[in-house]
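Under our numbering, the first residue of the sequence shown is numbered 1256, with each subsequent residue one higher.
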Amino acid sequence: MKPQLKTDAQPDHDVIIIGAGVSGIYQLYRLLEMGVNVTVLEAGGGPGGTWYWNRYPGARFDSESYTYGYSFSKELLEEWNWSEHFSGQPETLRYLNHVIEKFDLRDHMQFDAQVKSAAFDEGACSWTLTLANGRTLSTRFLLTAIGMLSAPTMPTIPGVENFKGEAFHTYYWPQEPMDFTGKKVGVIGTGATAVQLIGEIADKVGELTVFQRRPNWCAPLHNGPIDRAEMDEIRANYDEIFARCKVTPGGFIHGPDRRKFSDVDEDERLAFWEELYNSRGFGVWLGNFRDVLVEEIPNEEFTKYIADKIRARVNDAETAEKLIPKDHGFGTRRVPMETHYFEAYNQDNVHLIDINETPIECITRDGIKTTDREYEFDIIIYATGFDAITGAFDRIEFTGVDGQKLADKWVDGPITYLGLQTSGFPNLITIAGPQGGSVATNFPRGIEEAVEWNTELLKYLRKHNYNRIEPKVDAEDEWTEHVKHTYSYSLLGNSKSWFTGYNSNVEGHDKIRYMIYNGGAVRYRQRLADVVEQGYQGFDLR
Ligand code: NAP
1256 MKPQLKTDAQ PDHDVIIIGA GVSGIYQLYR LLEMGVNVTV LEAGGGPGGT WYWNRYPGAR
1316 FDSESYTYGY SFSKELLEEW NWSEHFSGQP ETLRYLNHVI EKFDLRDHMQ FDAQVKSAAF
1376 DEGACSWTLT LANGRTLSTR FLLTAIGMLS APTMPTIPGV ENFKGEAFHT YYWPQEPMDF
1436 TGKKVGVIGT GATAVQLIGE IADKVGELTV FQRRPNWCAP LHNGPIDRAE MDEIRANYDE
1496 IFARCKVTPG GFIHGPDRRK FSDVDEDERL AFWEELYNSR GFGVWLGNFR DVLVEEIPNE
1556 EFTKYIADKI RARVNDAETA EKLIPKDHGF GTRRVPMETH YFEAYNQDNV HLIDINETPI
1616 ECITRDGIKT TDREYEFDII IYATGFDAIT GAFDRIEFTG VDGQKLADKW VDGPITYLGL
1676 QTSGFPNLIT IAGPQGGSVA TNFPRGIEEA VEWNTELLKY LRKHNYNRIE PKVDAEDEWT
1736 EHVKHTYSYS LLGNSKSWFT GYNSNVEGHD KIRYMIYNGG AVRYRQRLAD VVEQGYQGFD
1796 LR
């Protein structure tokens, strides 16, 4: 039975956006431009999302700064100067605040406003949100801009609460500067976050002990300052830079080389790999021969090349072997970009503990106890990652039509149409959500496209007097099957990481979940355009 809309029931807002990070900021800008009644609810004490929270030393872009910034305003591009090729967290947070001031967005944002639940009222065709402080708000359309890596997870190790020193997850890094001088520091985890952190603090602490479960393939970032002349040159080339990002699968300036691994002889191949290894950014991962991330043999060969680089950089042969992954090939998990990471292990004050050999038994009052011994620390840092992509959704209780919970619908993995909406939850739009095109890309490039698509959709609904939108179940099933199929496009689909939905610290997340559209930004953009051309094909509009 089709529900009847009560036309006299008016919610407080046309649109509520949850989250004031990169997506929420731009979506707000576009909606204000449209003249809708909109507010942003942000759990943090200020805007910035990822860049508000992750204040750990070494936190910085792995996208070139000038490909990460917003592209929508020529004036903004003209006036902002990036100081480094890969900007650090403080500069990025300053940039986002600058955008907010420039476009007068702050008055439309509410901070310390953590959304606990959101329930769809079919009769009123609106969402009612309840905040942690008990306040309620209602809205016709609810847009989530809650991030992909915003639900940090602690390890399930007994005794975490017993430690008497300072301890925190990298996501919740203290806002005040920390003095590490002479301190004994333990780090659990060796993902992208830990790799940045370890490279940065190794020579600032007394002793640093790293507890590693699985090593990652890392590659040098080759960051460097941008002086005025270079910034002017970048500015003059912004059109070309963004045009380049539009044609690569990942939305980066790096795209696959047209050649296959076997198209060149060994000398030429090694010379090319040397060039990639010594160049800035993700070229080594995304600008490689086009079959290196797709075919086993080219991947194995490049993996051997990178393993030798690690052996050459780490003095102690046993430590080098521990740092070389044995369970996956190079680039089949997102590659942590590093600065002095491997060299850190050449310092006498840095120790690597392989917890496969000596597992952690518990956290004690004084430190960490493995099967071998107890390590005493002043500070324990949990660089243990996130309940990625769906975790932020699970932390809000979304209730849709007929009382259905989103967490129940997605218990075995997300089910969406285009990564933007899900059936049974009308008027809920997931900007950069699971199974969308942004997650596997240079995030802001994908985000801008998602925001622009959503904005056009809301204009269309307004123009045609529609109050309610929901994807059709068959369209959603087809998309979810297609997303699953995209996992066979490259070797990334076989890896155990947050890309494939694994997290050993969350119950039930020990199996593959199809979280990301892996078909590339170009195909995703085309699909979105086709849907519009067919009159928002796959959606039920009322
Ligand atoms: P992550 O890649 O998931 O790494 C988490 C680390 O913690 C892994 O080494 C993991 O080991 C370890 N771990 C988790 N639970 C553990 C346990 N119970 N005991 C021992 N070790 C445990 O998380 P992340 O490093 O925060 O990075 C996540 C993503 O954030 C990155 O892939 C990237 O997309 C993004 N990021 C980007 C940048 C940037 O440069 N812009 C920087 C940081 C992060 P296993 O591998 O064995 O699970």
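Every residue, glycine too, gets a C-beta built ideally from N, C-alpha and C. Since we're looking at a predicted model, the values are computed, not measured.
Indicate whether residue i and residue j have their beta-carbon atoms separated by less than 7 Å.
i	j	result
Asp1267	Leu1392	yes
Gly1646	Glu1319	no
Ile1686	Gln1282	yes
Ile1456	Phe1423	no
Val1295	Ala1314	no
Phe1307	Gly1299	The sequence as given places Tyr at residue 1307; Phe does not occur at that position. In contact: Tyr1307 and Gly1299 (Cβ atoms closer than 7 Å).
Ala1406	Phe1641	yes
Tyr1744	Asn1709	no
Met1403	Ala1643	yes
Tyr1779	Gly1692	yes
Thr1671	Gln1690	yes
Val1450	Val1465	no
Phe1754	Leu1746	no
Val1354	Ile1273	no
Val1632	Lys1439	One detail in the question is off: residue 1632 reads as Phe in this sequence, not Val. Yes; because the gap between Cβ atoms is below 7 Å, this pair is in contact.
Phe1585	Phe1557	yes
Gly1279	Leu1351	no
Thr1574	Leu1548	no
Gly1506	Leu1541	no
Phe1648	Ile1724	no
Leu1287	Val1270	no
Arg1468	Ile1636	no
Ala1599	Gly1454	yes
Here's the rule: buried if 16 or more other CB atoms are within 10 angstroms of the residue's CB, otherwise exposed. What is residue i?
i	result
Thr1639	buried
Tyr1321	buried
Glu1762	exposed
Gln1265	exposed
Thr1262	Note on Thr1262: pLDDT 44, under 50, position unreliable in the model; no value is reported.
Ala1567	exposed
Lys1564	buried
Ala1387	exposed
Tyr1427	exposed
Ala1784	exposed
Gln1259	Low local confidence applies: a pLDDT of 39 at Gln1259 is under 50, so the model's placement there is unreliable, and no value is given.
Ser1381	buried
His1583	buried
Asn1554	buried
Thr1613	exposed
Tyr1769	buried
Leu1716	buried
Ser1517	exposed
Thr1626	exposed
Could you tell me how far apart the beta carbons of residue i and residue j are, in whole angstroms, since I believe they sit closer than 8 Å?
i	j	result
Tyr1323	Asn1722	36 Å between Cβ atoms; not a contact.
Lys1660	Glu1652	7 Å
Phe1396	Val1656	At roughly 15 Å, the Cβ-Cβ gap does not stay under 8 Å, so Phe1396 and Val1656 are not in contact.
Ala1373	Leu1360	In fact, because the Cβ distance is near 22 Å, the residues do not count as touching under 8 Å.
Pro1580	Pro1470	5 Å
Quick one, which of the options has its alpha-carbon nearest residue i's?
i	options	result
Ser1752	Gly1444, Glu1346 and Gly1313	Gly1444
Asp1458	Gly1402, Val1415, Met1433 and Val1605	Val1605
Gly1446	Val1460, Arg1700, Glu1631 and Thr1425	Thr1425
Lys1329	Ile1453, Lys1439 and Arg1490	Arg1490
Lys1727	Tyr1791, Thr1383, Tyr1560 and Gly1586	Tyr1791
Ile1702	Ala1379, Leu1332, Leu1398 and His1353	Leu1398
His1509	Leu1716, Glu1725 and Ser1534	Ser1534
Arg1782	Asn1760, Lys1718, Leu1713 and Leu1673	Leu1673
Thr1411	Asn1760, Lys1766, Met1486 and Arg1797	Asn1760
Gly1290	Ile1401, Leu1713 and Pro1699	Leu1713
Glu1521	Val1549, Arg1588 and Tyr1560	Tyr1560
Val1694	Val1738, Leu1525 and Phe1527	Val1738
Glu1788	Glu1711, Asp1603, Thr1741 and Asn1758	Glu1711
Glu1707	Tyr1325, Arg1483, Glu1485 and Arg1513	Tyr1325
Start and end of the beta strand (DSSP E) containing residue i?
i	result
Thr1710	It is not in any beta strand (DSSP E) - Thr1710 instead sits in the alpha helix (DSSP H) that spans Phe1698 to Lys1718.
Asp1376	Val1370 to Asp1376
Tyr1630	Glu1629 to Glu1631
Val1605	Val1605 to Asp1609
His1424	Glu1421 to His1424
Ile1724	Ile1724 to Pro1726
With respect to the alpha helix (DSSP H) encompassing residue i, which residues constitute its N-terminal and C-terminal limits?
i	result
His1268	It is not in any alpha helix (DSSP H) - His1268 instead sits in the beta strand (DSSP E) that spans His1268 to Ile1273.
Trp1528	Glu1521 to Tyr1532
Lys1459	That residue, Lys1459, is in no alpha helix (DSSP H); it is neither H nor E in DSSP.
Val1295	Not the alpha helix (DSSP H): Val1295 falls in the beta strand (DSSP E), residues Val1293 to Leu1296.
Arg1566	Glu1551 to Arg1568
Ala1283	In the sequence as presented, Ala is not what sits at residue 1283; that position holds Leu. Element bounds for Leu1283: Val1277 to Met1289.
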